[in-house]
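Participant:
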Amino acid sequence: KLIPTFPKAKYLVQKSAWDEAFNQDERLLPAYGHPVDHLNILQERDMVEFLDGNTEVSPGVHCEMIDGYSQGHQIVKVNAGSERIVYLSELIPAPSHLPLAYITAYDRYPDQTLEIKRRIIAQCEQEGWLMVFAHGYKEYAGYIKRNNQALNLEPINI
């Protein structure tokens, strides 16, 4: 019997991402990596809230739909006083994916991913956003710094 790991959680999901998860193909299967039964249990328990595009889900917390990786993919941006934080999800899953051309093989729309990465990285560099990575190995978060035209990550412990 499936039981949610976080029974009090509310999952904020773009409706288009939810729909795509139920229509997996060979390319998407590694990305989702689970049967839809795991998703059904969340919906059956009324734990899913569907979003339709960019949404402020709480004061200063924004889900930004970026597609690219998959239809309805989103990142989360947090404005907390003087600190700005972005959870990059699968857009830039790890610091090793910071170079613009480094895009996962199972991104559905790699050209779109490239343009979104260019915009988000520039914003993070210019505005001093803390970047948080979904799949960092030793480095999970950091700030972009430019050194002789090369982008570098100044990692921080979180």
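In our numbering, the protein residues as written are 45 to 202. Even glycine gets a Cβ: it sits at the ideal position worked out from N, Cα and C. None of these values were measured; they are calculated from a predicted model.
Would you give the residue range spanned by the alpha helix (DSSP H) that Leu86 belongs to?
Facilitator: Along the sequence shown, one-based indexing puts residue 86 at 42. First-last of the alpha helix (DSSP H) with Leu86: Asp81 to Glu88.
Participant: What is the DSSP secondary structure of Glu64, reduced to helix, strand or coil?
Facilitator: Here residue 64 corresponds to residue number 20 of the sequence shown, with the count starting at 1. Correct three-state label for Glu64: helix.
Participant: Is the distance from the Cβ of Asn201 to the Cβ of Ile188 below 9 Å?
Facilitator: Taking the sequence shown and counting its residues from 1, the one referred to as residue 201 is at position 157. Taking the sequence shown and counting its residues from 1, the one referred to as residue 188 is at position 144. Contact: no.
Participant: Rounded to the nearest angstrom, what separates Val130 and Asn67 at their Cα positions?
Facilitator: For the purposes of this step, residue 130 is identified with residue 86 of the sequence shown, where counting begins at 1. For the purposes of this step, residue 67 is identified with residue 23 of the sequence shown, where counting begins at 1. Rounded to the nearest angstrom, the two C-alpha atoms are 28 Å apart.
Participant: Assign His106 to one of three DSSP states: helix, strand, or coil.
Facilitator: Working through the sequence shown from its first residue, we reach residue 106 at position 62. The answer is strand: DSSP assigns His106 an E or B state.
Participant: Can you tell me where the alpha helix (DSSP H) holding Arg128 begins and where it ends?
Facilitator: The sequence position of residue 128 within the sequence shown is 84, counting from 1. Note, Arg128: premise wrong, no alpha helix (DSSP H); beta strand (DSSP E) at Glu127 to Tyr131.
Participant: Could you check which residue in Ser140, Ile147 and Ala194 has the C-alpha nearest to that of Ala185?
Facilitator: Residue numbering aside, residue 185 sits at position 141 when the sequence shown is read from its first letter. The shortest C-alpha separation from Ala185 is found at Ser140.
Participant: What does a CB cutoff of less than 8 Å around Val176 pick up in its chain, not counting 5 residues either side in sequence?
Facilitator: For the purposes of this step, residue 176 is identified with residue 132 of the sequence shown, where counting begins at 1. Same-chain partners within the cutoff: Ile129, Val130, Tyr131, Leu132, Tyr184, Ala185 and Ile202.
Participant: On a CA-only basis, which of Ser126, Pro143 and Trp62 is nearest His117? Give me that one, please.
Facilitator: To locate residue 117, count along the sequence shown from 1; it is residue 73. Comparing Cα positions, the closest option is Trp62.
Participant: Closest by CA to Leu158, which one among Leu46, Lys52, Asp111 and Val105?
Facilitator: Residue numbering aside, residue 158 sits at position 114 when the sequence shown is read from its first letter. Nearest C-alpha to Leu158: Asp111.
Participant: Might you give, ordered along the chain, the residues of its own chain that have their beta carbon closer than 8 Å to the beta carbon of Glu171, omitting 5 neighbours on each side?
Facilitator: For the purposes of this step, residue 171 is identified with residue 127 of the sequence shown, where counting begins at 1. So the qualifying residues of the chain are Arg128.
Participant: Based on Cα-Cα distance, which residue from Pro143, Ser60 and Glu198 lies nearest to Met109?
Facilitator: Residue numbering aside, residue 109 sits at position 65 when the sequence shown is read from its first letter. Closest option to Met109, Cα to Cα, is Ser60.
Participant: For the alpha helix (DSSP H) holding Pro154, just list the boundary residues, first then last.
Facilitator: Residue mapping note: residue 154 aligns to position 110 of the sequence shown, counting from 1. Counting along the chain, the alpha helix (DSSP H) containing Pro154 begins and ends at Pro154 to Glu171.
Participant: Please report the residue range of the beta strand (DSSP E) in which Gln193 lies.
Facilitator: Numbered from its first residue, the sequence shown carries residue 193 at position 149. No beta strand (DSSP E) holds Gln193; DSSP gives it neither H nor E.
Participant: Please state whether the Cβ-Cβ distance between Arg89 and Pro51 is less than 9 Å.
Facilitator: Within the sequence shown, the letter at position 45 stands for residue 89. Within the sequence shown, the letter at position 7 stands for residue 51. Cβ distance < 9 Å, so Arg89 and Pro51 count as in contact.
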